[in-house]
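Residues in the sequence shown are numbered consecutively from 223, following my numbering.
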Amino acid sequence: MLTKAELDSLSSRMFSIGDNEQFNQHALELFRIHFHQNPVYGQFVRQLHPGLQPGQLTDYRQIPCLPIELFKSRKVLLDGIEAEDFFTSSGTRSQGAVQSRHYIASLELYRQCFTQAFSLFWGDPRQYVFLALLPNYLEQKHSSLVCMMQELIRLSQQPESGFYLHDLEKLADRLRDLEKNGRKTILFGVSYALLDLAEAYPMKLENTLVFETGGMKGRRREMVKEELHAVLGKAFGIPVVYSEYGMCELLSQAYSTGDGFRFRCPPWMKVLIRQTSNPLQREADGRSGGIDVLDLGNIFSCPFIATQDLGKRYPDESFEVLGRFDNSDVRGCNLMVE
223 MLTKAELDSL
233 SSRMFSIGDN
243 EQFNQHALEL
253 FRIHFHQNPV
263 YGQFVRQLHP
273 GLQPGQLTDY
283 RQIPCLPIEL
293 FKSRKVLLDG
303 IEAEDFFTSS
313 GTRSQGAVQS
323 RHYIASLELY
333 RQCFTQAFSL
343 FWGDPRQYVF
353 LALLPNYLEQ
363 KHSSLVCMMQ
373 ELIRLSQQPE
383 SGFYLHDLEK
393 LADRLRDLEK
403 NGRKTILFGV
413 SYALLDLAEA
423 YPMKLENTLV
433 FETGGMKGRR
443 REMVKEELHA
453 VLGKAFGIPV
463 VYSEYGMCEL
473 LSQAYSTGDG
483 FRFRCPPWMK
493 VLIRQTSNPL
503 QREADGRSGG
513 IDVLDLGNIF
523 SCPFIATQDL
533 GKRYPDESFE
543 VLGRFDNSDV
553 RGCNLMVE
């Protein structure tokens, strides 16, 4: 079992990662820890690669990634670690979805991950007013996204910052006032609610960055990202709609930059692509496949996650999200899903 000093060292060194070699060393160290001390991950790796020992791996690309489905049925956590709280996925229970549950051993570490990632891409939160249009997330408990937005709103120190549940008229009035006064604003919303706002209250946004979280949550027809961004861009008169790539099973987030379609990770997070026909093999840059995430912020649960998303990675390590597997409970190399 890791001592508190060892855990503190891991988290502090994680935020000091500056190149691939440092990432590689840190990832392999975490692999050794989770192989021996994470019952769920250790069992998965031993079933997948009988006889494998951590010392045999020399590159983070060789590390097996745990199928994300296991967060639905197992408590994924290092042995002897107590959870402070848990986050659940935004799956719609009325549609029969089983929610994932990510046990969080350190809420403070989560805050450090998302605040440092946000600051890396967008600067000091204090320069923005944050408007959060997240009705489906606010209606459920244990949302990692709501937790993140609550902290960014607090850090902004702007009295105009806040959440909006269903009052689109009030939100539209607030946006107009902020635009009139030239205030830098970030509007962060779930896709279907942003479309509702765009249809009911189209307006020119010159000082506002719009971020969509993806997914219609059963409220609207699913749209490809290009179509969604085109509709929102036209309604708000903005050239780019941005996105955040995160999920309850991760402590870190990637953000889209440039044209709004390619995501980039903070230094302690990387995305790799696995082959859809053989999930044990990595796909070459420029080819589509399943998205694997190495989030070294997941010190206590599992840093190596095989998601259900389809994507494409580029030589500069940016990536696109192309959709999800048709069968959302893709088994792939998952030997532990019953």
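Cβ coordinates follow ideal geometry from the N, Cα and C atoms, glycine included.
Kindly give me the distance between the Cβ atoms of Phe309 and Ser366, rounded to whole angstroms, as I take these residues to be in contact under 8 Å.
-> 4 Å
What's the gap between the Cα of Glu382 and the Cα of Asn260?
-> 44 Å
On the three-pair Cβ rule with 8 Å, is the stretch 386 to 399 touching the stretch 345 to 358?
-> yes
N- and C-terminal bounds of the alpha helix (DSSP H) containing Ser366 | 366 to 378
Cutoff 6 Å; reference Pro537; Cβ partners in own chain excluding five residues on either side = Asp507
Does the distance from the CB of Ala476 to the CB of Phe485 come in under 8 Å?
-> yes
Over the uninterrupted alpha helix (DSSP H) stretch that includes Ile513, give me the two end residues.
-> Ile513 -> not in any alpha helix (DSSP H); beta strand (DSSP E) instead, spanning 510 to 517.
Would a C-beta distance cut-off of 8 Å place Leu331 and Leu544 closer than the cut-off?
-> no
Check whether Ser322 and Lys363 have beta carbons under 8 Å apart = no
Report all residues from its chain with a CB closer than 7 Å to the CB of Asp281; omit the five preceding and five following residues, and keep chain order.
-> Asn246
Presumed contact (8 Å Cβ cut-off) between Thr498 and Gly511, rounded CB distance = 5 Å
For Leu393, which beta-bridge partners are listed by DSSP?
-> None; Leu393 has no bridge partner.
Identity of the residues DSSP links to Ile303 by a beta bridge = Its beta-bridge partners do not exist; DSSP assigns none.
CB contact check: Leu390 to chain D, cutoff 8 Å | In summary, chain D is missing from the structure at hand, where a single protein chain is found.
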